[in-house]
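Report on the structure given below.
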Amino acid sequence: MSHSLDALPLFIQAVAFAAEKHRHQRRKDAHASPYINHPIALAQVLAVEGGISDPLPLCAAVLHDTVEDTETTEADLIDHFGPAIAAVVMEVTDDKDLLKHQRKQAQIDHAPQLSPAAKLVKLADKISNLRDQLEHPPEGWDAERRQAYFDWAARVVAALGPVHPQLEQRFAALMARRGELG
Ligand code: ZN
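Numbered by my numbering, the letters in the sequence shown go through residues 29 to 210 in order.
Listed below in C-alpha cells is the structure:
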C-alpha cells in the first residue's frame, strides 16, 4: 500500500484500518459501545472543534490505540501509512512493560517532549475521555475513581504545555464539570 495518498483517502484508509483492528473490542461504558467510536471521537475533536485539517494528527488520532490495544505493530503502520504517522502513533503508545501506575506516571513525564502532532492527539484523547467519564462513565467506576481520573488527566494536559488554545479551553470546560461526578 502506497502512503503517498491524498489527505482524505489516507484518512479514510486510517479509519477503515482502525475499524478492522478494533472490530471485536468494546468500550467500558454500560452499553459496551463499539471501541472505534473512541478513535473517531478524537478525530472529530481535532477536525471539528479544533479546525485542524493536517492529516498527520488526524490519522494518528484514529490509529492511536491500534498498537497499544490490538496486534498491530509499528511496522504495519509504516507499511500502510508511512513513517511520519507511525512515529506519532508510537509516541502516544504506552509501554506495556510498565505497571499500570508507572504507565500513568510515564504519560506525565513524557508529555513535555512529545511532537506537536502527538500533543494534539494526547489532548484530544483526554478531552474525549473526560466527556465519556461525564456522559458514558465506565461501568463499576465510583465517583472517587472517576475524580482520580480527572486529577490524572489534568496533570497530563498541564505537562503538555501550550498545544491549541481552543482545545485547551474545551478541556478546561470539561474539568469544570467534575462536580457532576459526585
Ligand atoms: Zn484513547
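The beta carbon of each residue, even a glycine, is placed where N, CA and C say it ideally should be. Fair warning: this is a prediction, and the values are worked out from it, not measured in the lab.
* Between the C-alpha atoms of Asp122 and Lys56, what's the straight-line distance to the nearest angstrom? -> 19 Å
* Since Ala89 is in the alpha helix (DSSP H), which residue starts that stretch and which ends it? -> 83–91
* Close beta carbons around Ile106, own chain, < 6 Å, minus the five adjacent residues each side -> Ala114
* Where the alpha helix (DSSP H) through Ala35 begins and ends -> 35–49
* **Between the CA atoms of Asp170 and Leu202 - distance to the nearest angstrom** => 18 Å
* Asked: Any heavy atom of ligand 1 within a distance shorter than 8 Å of the CB on Leu17?
  -> The chain is shown only over 29 to 210; residue 17 falls outside these bounds and no answer can be derived.
* To do: Below 6 Å CB to CB, which residues in the same chain sit around Met29 once its five sequence neighbours on both sides are set aside?
  => Here Met29 scores only 46 on pLDDT, less than 50, and its place in the model is too uncertain to base an answer on.
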